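>
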Amino acid sequence: MGVAEFENYKHGTMAVCKAVAALKDCYTVVGGGDSVAAVEKLGMEDKFSHVSTGGGASLELLQGVQLPGVVAIKDRN
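Right under this line is the structure:
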(Lines of atoms letter the chains of each structure in order from A; the text may use other names.)
(Lines give C-alpha, C1' and ligand atoms only; values in the text may rest on other atoms or scores of the structure.)
Protein backbone atom coordinates (compact mmCIF):
# COMPACT_ATOMS: atom_id res chain seq x y z
CA MET A 207 0.00 0.00 0.00
CA GLY A 208 1.18 3.51 -0.73
CA VAL A 209 1.45 6.77 1.10
CA ALA A 210 -2.24 7.66 0.98
CA GLU A 211 -1.68 11.08 2.53
CA PHE A 212 -0.16 12.31 -0.74
CA GLU A 213 -2.38 12.68 -3.79
CA ASN A 214 0.19 11.23 -6.22
CA TYR A 215 0.68 8.05 -4.17
CA LYS A 216 -2.77 7.23 -2.82
CA HIS A 217 -4.08 5.25 -5.79
CA GLY A 218 -2.62 1.87 -4.78
CA THR A 219 -3.92 2.17 -1.23
CA MET A 220 -7.37 3.17 -2.39
CA ALA A 221 -7.47 0.31 -4.93
CA VAL A 222 -6.57 -2.24 -2.23
CA CYS A 223 -9.22 -0.80 0.13
CA LYS A 224 -11.89 -1.03 -2.55
CA ALA A 225 -10.88 -4.57 -3.57
CA VAL A 226 -10.91 -5.91 0.00
CA ALA A 227 -14.17 -4.10 0.80
CA ALA A 228 -15.80 -5.81 -2.18
CA LEU A 229 -14.96 -9.33 -0.93
CA LYS A 230 -17.90 -11.46 0.15
CA ASP A 231 -18.12 -14.39 2.57
CA CYS A 232 -14.86 -13.61 4.35
CA TYR A 233 -13.69 -11.75 7.45
CA THR A 234 -11.96 -8.51 6.47
CA VAL A 235 -9.70 -6.51 8.80
CA VAL A 236 -8.26 -3.02 8.60
CA GLY A 237 -5.44 -2.47 11.08
CA GLY A 238 -3.39 0.64 11.78
CA GLY A 239 -4.10 4.33 11.92
CA ASP A 240 -3.02 5.16 8.37
CA SER A 241 -5.05 2.30 6.89
CA VAL A 242 -8.11 3.28 8.93
CA ALA A 243 -7.73 6.88 7.73
CA ALA A 244 -7.68 5.69 4.11
CA VAL A 245 -10.80 3.59 4.62
CA GLU A 246 -12.55 6.48 6.37
CA LYS A 247 -11.61 8.83 3.52
CA LEU A 248 -13.46 6.47 1.19
CA GLY A 249 -16.40 6.23 3.62
CA MET A 250 -16.13 2.43 3.60
CA GLU A 251 -15.73 1.58 7.30
CA ASP A 252 -19.00 -0.35 7.27
CA LYS A 253 -17.73 -2.61 4.46
CA PHE A 254 -15.13 -4.28 6.71
CA SER A 255 -15.65 -6.87 9.43
CA HIS A 256 -13.22 -5.19 11.84
CA VAL A 257 -11.54 -1.78 11.80
CA SER A 258 -8.86 -0.98 14.40
CA THR A 259 -6.31 1.79 14.80
CA GLY A 260 -4.14 -0.71 16.71
CA GLY A 261 -1.90 -1.89 13.89
CA GLY A 262 0.62 -3.90 15.89
CA ALA A 263 -1.97 -5.30 18.28
CA SER A 264 -4.25 -6.24 15.39
CA LEU A 265 -1.46 -8.17 13.70
CA GLU A 266 -0.61 -9.96 16.94
CA LEU A 267 -4.26 -10.91 17.44
CA LEU A 268 -4.40 -12.37 13.92
CA GLN A 269 -1.21 -14.32 14.67
CA GLY A 270 -2.84 -15.89 17.70
CA VAL A 271 -0.79 -14.00 20.29
CA GLN A 272 -2.54 -13.71 23.65
CA LEU A 273 -3.07 -9.99 24.22
CA PRO A 274 -2.88 -8.89 27.88
CA GLY A 275 -6.14 -6.92 27.76
CA VAL A 276 -8.05 -9.82 26.23
CA VAL A 277 -6.56 -12.24 28.76
CA ALA A 278 -7.59 -9.93 31.62
CA ILE A 279 -11.18 -9.78 30.37
CA LYS A 280 -11.34 -13.56 29.97
CA ASP A 281 -9.91 -14.04 33.49
CA ARG A 282 -12.68 -11.86 34.97
CA ASN A 283 -15.39 -14.09 33.53
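Residue numbers (this note's numbering): 207 to 283.
Every residue, glycine too, gets a C-beta built ideally from N, C-alpha and C.
Given the structure is predicted, the values throughout are model-derived calculations rather than measurements.
#1: Can you tell me the Cβ-Cβ gap for Tyr275 and Gly261, rounded? I've got them flagged as a contact below 8 Å.
#2: Please report the distance separating the alpha-carbon of Lys230 from that of Val277.
#3: Please go through the same chain and pick out, in chain order, the residues whose beta-carbon is closer than 6 Å to the beta-carbon of Ala210, but skip the five residues on each side of it.
#4: Suppose contacts are defined by Cβ-Cβ distances below 8 Å. Is Lys253 in contact with Ala227 by that definition?
#5: Gly237: buried (16+ other C-beta within 10 angstroms of its C-beta) or exposed?
A quick look at the data gives this:
#1: Position check: residue 275 holds Gly in this sequence, whereas Tyr was assumed. Their Cβ separation, rounded to whole angstroms, is 16 Å, which puts Gly275 and Gly261 out of contact at 8 Å.
#2: 31 Å
#3: Lys216, Thr219 and Ala244
#4: yes
#5: buried
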